[in-house]
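Once you know that position 52 of the sequence shown is 66 in the working numbering, the rest is easy, because the numbers rise by one and skip nothing.
Remarks on the structure that follows.
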Amino acid sequence: MADFVRDVMTAGVVAVRPDASLVEAAQLMRAQDIGDVLVADGQRIVGMLTDRDIAVRAVAEGADPLTVSAESVCTPDPVTVAPRDPVAAAVALMRQHAIRRLPVVEDGLPVGVVSLGDLAEAQDPESALADISRAAPDG
Numbered sequence: 015m016a017d018f019v020r021d022v023m024t025a026g027v028v029a030v031r032p033d034a035s036l037v038e039a040a041q042l043m044r045a046q047d048i049g050d051v052l053v054a055d056g057q058r059i060v061g062m063l064t065d066r067d068i069a070v071r072a073v074a075e076g077a078d079p080l081t082v083s084a085e086s087v088c089t090p091d092p093v094t095v096a097p098r099d100p101v102a103a104a105v106a107l108m109r110q111h112a113i114r115r116l117p118v119v120e121d122g123l124p125v126g127v128v129s130l131g132d133l134a135e136a137q138d139p140e141s142a143l144a145d146i147s148r149a150a151p152d153g
């Protein structure tokens, strides 16, 4: 069983500028086969943008995804963890804040993301969530 966030996180960061359009962010998510990107101004994390944010906070409201910025729809100032933090701390933060993903930050720089799927694969590899997390995407 993994003890630290670094043991379960998905390393690497995919980010967009705060002024990137939602179309740009969605195309990056599709190309990388991911459901979230960090919104970053240089090395500083401004927010986290998910595919659900785009759908619920913009498209469902009738906003034009070509003109709406990532920063205007993202969750600002996301809760973060460090690679050396215990996995239990990440789980507690996810529960406390009712979130599915946490950016992993080391020395002020984003280095990865830990998701519920990452935790499921590490903690309970036979669970349905772990199976879903490992599955290849549709289409």
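Each residue gets a CB set at the ideal place from its N, CA and C atoms; glycine is no exception.
Alpha carbon of residue i to alpha carbon of residue j, nearest angstrom
i: Val105; j: Gly56; result: 28 Å
i: Ala103; j: Arg109; result: 10 Å
i: Asp33; j: Pro124; result: 19 Å
i: Ile68; j: Gly131; result: 21 Å
i: Asp17; j: Asp78; result: 43 Å
i: His111; j: Asp91; result: 13 Å
i: Val27; j: Ala45; result: 14 Å
i: Val127; j: Asp121; result: 15 Å
i: Ile113; j: Leu107; result: 8 Å
i: Ala39; j: Arg71; result: 14 Å
i: Gly76; j: Asp65; result: 16 Å
i: Asp99; j: Arg58; result: 20 Å
i: Ser129; j: Ala29; result: 16 Å
Integer Cβ distance of residue i from residue j, believed to fall under 8 Å
i: Leu63; j: Asp50; result: 6 Å
i: Val101; j: Leu133; result: 7 Å
i: Leu36; j: Ala84; result: 6 Å
i: Val119; j: Ala96; result: 6 Å
Residues near residue i by beta carbon distance below 6 Å, same chain, minus five either side
i: Thr89; result: Gly61 and Met62
i: Val87; result: Asp67, Arg71 and Ala72
Spatial neighbours of residue i in its chain, beta-carbon cut-off 8 Å, leaving aside the 5 residues before and after
i: Arg31; result: Val53, Ala54, Asp55 and Ala84
i: Val82; result: Ser35, Leu36 and Ala72
Sequence-distant residues of the same chain with beta carbon closer than 7 Å to residue i, five excluded per side
i: Leu80; result: Ser35 and Val37
Next on the checklist: Would the segment 21-39 count as touching the segment 125-140 if we require 3 or more Cβ pairs under 8 Å?
Outcome noted: yes
Item to check | In chain order, each beta strand (DSSP E) run of at least 3 residues that lies wholly inside the segment 29-65 | outcome: 50-55 and 58-64
Next on the checklist: For a minimum of 3 consecutive residues, which ranges assigned as the beta strand (DSSP E) are wholly contained in the segment 57-107?
Outcome noted: 58-64
Checklist entry - Which parts of the segment 113-139 are runs of the beta strand (DSSP E), unbroken and 3 residues or longer, counting only runs that do not cross its ends? => result 115-120 and 123-129
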